[in-house]
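S.K.: Just dropping this structure here.
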Amino acid sequence: MRLTEQQQAVVQHGQGHARVFAVAGAGKTSTMIARVLHLMATGTPADRIMVLMFNRAAREDFAARLRLLAPAGARLPQVRTFHSIGHRLGQSLMRWGALPARRLIEGEWQRERMARQVLQQLLVDEPAQLALALEEERIETLLQFCDLVKSECLPPARLYEQGDYGADTEHFVPAFLEMERLMQEQGVMTYADLLYRPLRALIRDDRARARIQGRLDHIIVDEYQDINEVQLRLLSMLAGSSASVMAVGDANQCIYEWRGARPDAMNARFGELFGTPTDYPLSWTFRHGHAVSLMANHVIRANPGAADQLTLSAPDNPDTQVECDSGGRHLVEVLQSWQAQGRDLKECAVLVRSWSLSVPVQLRLLRENIPFQLGQQDRFVFRLPLVRALAGYLELARRPELLQDSDHLLLLYSQPSAFVSQDRLAPLTAELARTGRWPEQHIVLDGLKPFQRRHLKKRWALIQTLPAMRDQAPADLLSHVVETLEAEKLLRRAAARRDKGEEDIRLLDVLIEQAGELADDPDAFIALLKDPVINQEQGVLLSTIHGAKGLEWPLVALAGLNEEDFPLYSRENPLTPQALEEERRLFYVGITRARERLLLMSDPAPHRLSRFVEEVAWEDSVKLARAIVSRQGGAPGVRDPSLANRYLEGIGVEDSLRASAGQKTPAVLSQAGDWRPGEQVRHAVFGEGRIELVEGDRERCVLEVMFHRAGRRRLIASRAPIERVG
8 MRLTEQQQAV VQHGQGHARV FAVAGAGKTS TMIARVLHLM ATGTPADRIM VLMFNRAARE
68 DFAARLRLLA PAGARLPQVR TFHSIGHRLG QSLMRWGALP ARRLIEGEWQ RERMARQVLQ
128 QLLVDEPAQL ALALEEERIE TLLQFCDLVK SECLPPARLY EQGDYGADTE HFVPAFLEME
188 RLMQEQGVMT YADLLYRPLR ALIRDDRARA RIQGRLDHII VDEYQDINEV QLRLLSMLAG
248 SSASVMAVGD ANQCIYEWRG ARPDAMNARF GELFGTPTDY PLSWTFRHGH AVSLMANHVI
308 RANPGAADQL TLSAPDNPDT QVECDSGGRH LVEVLQSWQA QGRDLKECAV LVRSWSLSVP
368 VQLRLLRENI PFQLGQQDRF VFRLPLVRAL AGYLELARRP ELLQDSDHLL LLYSQPSAFV
428 SQDRLAPLTA ELARTGRWPE QHIVLDGLKP FQRRHLKKRW ALIQTLPAMR DQAPADLLSH
488 VVETLEAEKL LRRAAARRDK GEEDIRLLDV LIEQAGELAD DPDAFIALLK DPVINQEQGV
548 LLSTIHGAKG LEWPLVALAG LNEEDFPLYS RENPLTPQAL EEERRLFYVG ITRARERLLL
608 MSDPAPHRLS RFVEEVAWED SVKLARAIVS RQGGAPGVRD PSLANRYLEG IGVEDSLRAS
668 AGQKTPAVLS QAGDWRPGEQ VRHAVFGEGR IELVEGDRER CVLEVMFHRA GRRRLIASRA
728 PIERVG
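Using our numbering, read the sequence shown as starting at 8 and increasing by one per residue.
In structure tokens form, the structure reads like this:
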């Protein structure tokens with residue numbers, strides 16, 4: 008196994024805690040295996056070493072590679088996940104009498120059934136809120152909240168206050184407490200309890216804690232930036248005062264804050280738990296070429312807390328080609344060209360910030376007969392409930408006989424949510440299909456609140472008018488449905504988390520935009536939305552960036568690079584500094600998945616190009632990469648010569664090639680006068696504040712600023728006496 012000098016330093020680390028800062032594609036798995044073999048070769052017994060991996064797949068891969076490289080017949084260390092350690096600890100603690108025995112609930116349906124039971128008890132006097140709480144996505148969010156209470160080690164009320172939960176979620180805290188009471192009564196527990204219960208037992212029981220400590224000399228933890236508070240505390244318990252902890256990860260790739268990970272886990276939090284460590288960089292990536300490394304360095308340095316560590320491309324890496332384009336046609340051409348060159352489509356991935364942004368890509372690939380597969384099959388266009396319902400509205404306009412189809416009417420009442428349970432809606436839609444008239448008196452309407460009755464009747468009035476709108480363009484018809492139903496307001500209210508509401512609203516916009524592209528053939532558009540696609544294993548992979556973490560492909564396209572889509576924010580859900588940093592880390596992870604070719608894809612006007620495309624300095628990075636590969640001397644002009652020259656020095660390029668100051672590339676200037684939400688500004692009269700919204704472009708650019716003293720103000724950017732702070 009050939010290792011770099013940096014990797015050798017990690018392998019030969021002596022005693023004491025250590026942090027290994029490994030950039031994307033740095034060969035950390037090979038380094039960790041070499042470290043384990045070194046410890047064994049220098050006398051550490053295998054049973055005194057433990058390796059902790061992020062998930063089962065990573066654990067199995069690491070264990071297999073370790074077996075392959077270890078001496079034949081050698082006893083090997085434990086390679087575990089945190090949950091498997093928690094399970095083993097829990098069994099021991101129950102055997103010692105330090106923890107009451109409980110049975111693991113393995114089926115998610117069992118948790119969902121318990122949640123429904125609890126909700127029906129808590130909200131028995133609130134039928135509208137109960138109907139909303141029982142929706143599948145709300146149940147899922149409630150269960151995620153319950154898990155997060157345990158992974159964050161916080162009281163449920165405090166977590167709820169800190170979280171960005173939507174309207175009508177006040178029942179989350181009492182529901183958590185009641186589910187905990189039921190699980191104790193029934194003697195059962197969830198996967199989150201595999202860590203949470205042993206930790207709590209060890210905190211309160213000194214004797215039990217003493218029995219588990221002192222058994223290990225070395226603990227190596229992979230993907231350390233993604234572990235949460237309960238895992239951190241349990242790791243501290245296991246290490247005690249005798250074991251040396253080696254944390255391996257990259258804080259710049261911390262993208263799971265929504266499930267408890269914290270970017271400071273490898274920074275200040277490590278010192279709080281373990282003291283001052285020895286730090287090791289793994290700066291060389293073996294994945295992609297200089298252009299992508301330079302882009303990664305440019306974009307991540309905008310995060311105030313980012314480590315001052317450069318990603319450097321190894322000499323034998325591919326010369327990654329980078330392009331930036333607008334619209335979906337270029338993606339199709341690239342994929343068709345890839346196939347024409349004899350390459351396989353399964354070598355390609357299209358990555359998006361959120362699943363709603365995959366919809367235009369899916370529809371484009373369907374129209375061009377390009378096979379694709381999805382990381383989550385329930386995200387196929389035809390399976391999305393909101394898409395199915397909106398396609399149903401279009402279909403009714405083309406086929407009036409569907410007014411007599413109770414199942415079709417039930418579909419139209421299902422999305423956006425009517426805040427009435429399906430059990431109540433089904434007999435109502437059956438009555439409407441049978442009579443064609445709104446029943447002023449009906450058993451189904453009994454017990455409903457006035458706003459529910461008004462909304463149901465309003466939707467029926469809309470449904471009845473649709474056949475008369477047959478000849479309207481699909482985009483106009485969908486816009487009419489969305490406006491009449493006040494769909495955005497309904498989606499925001501129905502979402503258990505604000506970001507989910509914003510994603511659903513973006514899906515509305517995407518569908519209307521796509522309907523506009525097929526305005527000449529409404530029936531084809533409807534058929535496209537209803538097409539029951541299946542995963543094609545030889546096709547292009549469509550995935551969120553979250554789902555692509557730890558993976559790589561020869562060709563990667565990042566789609567939907569529009570301001571307000573990536574980074575994700577809106578007027579109702581403004582971008583906080585912390586959220587912007589997490590979005591930037593997500594973009595960093597996305598671009599570093601590519602090996603040979605990287606496409607940055609935005610949507611055409613009126614969408615604005617994502618700020619990240621400017622921050623990444625892709626044109627400067629490509630220019631400098633070409634100079635490096637061609638070994639030409641000179642001084643190429645770039646916007647940030649100091650960063651460029653640090654990179655050149657880092658990879659050992661001769662002094663004949665050094666960057667000089669160049670002009671800012673006009674092609675990537677913001678259409679809104681280069682002002683960005685989240686920026687701090689100073690006004691001559693109102694003082695300091697933060698930009699929350701940017702509207703319009705050039706001389707029509709309007710800023711909405713929240714000032715510390717003067718509150719919220721709308722300003723014409725070209726006329727206001729403002730300047731950036733810092």
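Just so you know, even glycine gets a beta-carbon here, dropped at the ideal spot from N, CA and C.
Output the boundary residues of the beta strand (DSSP E) element that contains GLN85.
M.R.: 85-88 is the extent of the beta strand (DSSP E) around GLN85.
S.K.: Ends of the beta strand (DSSP E) at LEU225?
M.R.: Note on residue identity: the sequence assigns His, not Leu, to residue 225. First-last of the beta strand (DSSP E) with HIS225: 225-228.
S.K.: Roughly how many whole angstroms lie between the Cα atoms of ILE552 and PHE573?
M.R.: Straight-line Cα distance between these residues: approximately 11 angstroms.
S.K.: On a CA-only basis, which of GLU375, THR491, GLN383 is nearest SER361? Give me that one, please.
M.R.: Comparing Cα positions, the closest option is GLN383.
S.K.: Drop a sphere of 10 angstroms on the beta-carbon of GLY34, count the other beta-carbons inside from all chains shown, and report buried for 16 or more, exposed for fewer.
M.R.: Buried, by the Cβ-count rule.
S.K.: In whole angstroms, give me the CA-to-CA distance for GLN585 and ALA41.
M.R.: Rounded to whole angstroms, GLN585 to ALA41 spans 36 angstroms at the Cα level.
S.K.: Assign SER663 to one of two classes, buried (16 or more other C-beta atoms within 10 Å of its C-beta) or exposed (fewer than that).
M.R.: Label assigned to SER663: exposed.
S.K.: For GLY399, which residues from the same chain have a beta carbon less than 7 angstroms from its beta carbon, with the 5 sequence-adjacent residues on both sides left out?
M.R.: If we look at GLY399 and ignore the five residues flanking it on each side, its Cβ neighbours are HIS415, LEU418, LEU419.
S.K.: Out of ASN259, ALA25, PRO163, which has the shortest C-alpha to C-alpha gap to LYS556?
M.R.: When only C-alpha atoms are compared, the closest one is ASN259.
S.K.: Name the DSSP bridge partner or partners of ILE723?
M.R.: BP columns for ILE723 point to VAL709.
S.K.: My output table needs one value for ASN310: the three-state DSSP class, helix, strand or coil.
M.R.: Correct three-state label for ASN310: coil.
S.K.: Taking only three categories from DSSP, how would you classify THR38?
M.R.: Correct three-state label for THR38: helix.
S.K.: Whose C-beta lies closer than 6 angstroms to the C-beta of LYS464 among residues of the same chain, with five residues either side of it excluded?
M.R.: Closer than 6 angstroms at Cβ, skipping near neighbours: TRP445.
S.K.: Thinking C-beta only, is LEU565 closer than 7 angstroms to LEU370?
M.R.: Not in contact: LEU370 and LEU565 (Cβ atoms no closer than 7 angstroms).
S.K.: Among ALA356, GLY221, GLY93, GLU509, which has the Cα closest to the Cα of PRO544?
M.R.: One detail in the question is off: residue 544 reads as Glu in this sequence, not Pro. Considering only alpha carbons, the answer is ALA356.
S.K.: Could you give the distance in angstroms between the alpha-carbon of HIS225 and the alpha-carbon of GLN639?
M.R.: Computed Cα separation, rounded: 48 angstroms.
S.K.: For VAL427, is the classification buried or exposed, using 16 other Cβ atoms within 10 angstroms of its Cβ as the cut-off for buried?
M.R.: So VAL427 counts as buried.
S.K.: Under the assumption that LEU562 contacts GLU354 (Cβ atoms under 8 angstroms), give the Cβ distance between them as a whole number of angstroms.
M.R.: At roughly 6 angstroms, the Cβ-Cβ gap stays under 8 angstroms, so LEU562 and GLU354 are in contact.
S.K.: Do the CB positions of PHE281 and HIS24 come within less than 7 angstroms of each other?
M.R.: Yes.
S.K.: Pull up the DSSP beta-bridge partners for LEU616, would you.
M.R.: According to DSSP, which records beta bridges pairwise, LEU616 is partnered with ASN569.
S.K.: If you compare alpha carbons, which of ASN274, PRO684, VAL306, GLY523 is closest to PHE28?
M.R.: Out of ASN274, PRO684, VAL306, GLY523, ASN274 has the C-alpha closest to the C-alpha of PHE28.
S.K.: Give the straight-line distance between the Cα atoms of GLY546 and PRO529, rounded to the nearest whole angstrom.
M.R.: The straight-line gap from Cα to Cα measures roughly 27 angstroms.
S.K.: Quick one: measure Cβ to Cβ for ASN580 and ARG505, integer angstroms, because I've assumed they're closer than 8 angstroms.
M.R.: Contact flag correct, Cβ pair sits at about 5 angstroms.
S.K.: Using DSSP with H/G/I as helix, E/B as strand and the rest coil, what is GLY696?
M.R.: DSSP places GLY696 in strand when its eight states are reduced to three.
S.K.: Among residues of its own chain, excluding the 5 on either side of LEU166, which ones have a beta-carbon nearer than 8 angstroms to its beta-carbon?
M.R.: Once the five neighbours on either side are set aside, the close Cβ partners of LEU166 are PHE152, LEU155, VAL156, GLU159.
S.K.: Give the range of the beta strand (DSSP E) segment to which THR551 is assigned.
M.R.: It spans 547-551 - the beta strand (DSSP E) in which THR551 sits, taken as one unbroken run.
S.K.: Using DSSP bridges, identify the partner residues of LEU607.
M.R.: For LEU607, which the question treats as bridged, DSSP gives the partners CYS331, LEU565.
S.K.: Would you kindly work out how many angstroms separate the C-alpha atoms of LEU631 and VAL645, rounded to a whole number?
M.R.: C-alpha separation (whole angstroms): 8 angstroms.
S.K.: Go to GLU375, then tell me how far its beta strand (DSSP E) extends in each direction, as first and last residue.
M.R.: No beta strand (DSSP E) contains GLU375, which DSSP labels as neither H nor E.
S.K.: Just to confirm, are TYR231 and ALA250 a CB contact at a threshold of 7 angstroms?
M.R.: Cβ distance not < 7 angstroms, so TYR231 and ALA250 don't count as in contact.
S.K.: Thinking C-beta only, is ALA503 closer than 7 angstroms to GLY170?
M.R.: Not closer than 7 angstroms, so no.
S.K.: With a CB to CB cut of under 8 angstroms and the five nearest residues on each side skipped, what residues in its chain are close to PHE714?
M.R.: Contacts found: HIS690, PHE693, GLY694, GLU695, GLY696, ARG720.
S.K.: By the 10 Å Cβ neighbour count, where 16 or more other Cβ atoms means buried, how is LYS507 classified, buried or exposed?
M.R.: By the 10 Å Cβ count, LYS507 comes out buried.
S.K.: Which whole-angstrom value is the C-beta distance of TYR198 and HIS90, which I expect to be below 8 angstroms?
M.R.: Sure, about 6 angstroms apart at Cβ, within 8 angstroms.
S.K.: Decide if ARG102 is buried, meaning its Cβ has at least 16 other Cβ atoms within 10 Å, or exposed.
M.R.: Exposed, since its Cβ has fewer than 16 Cβ neighbours within 10 Å.
S.K.: If contact is defined by three or more beta carbon pairs under 8 angstroms, each pair taking one atom from either stretch, is the stretch 284-294 in contact with the stretch 608-625?
M.R.: No: fewer than three Cβ pairs fall under 8 angstroms.
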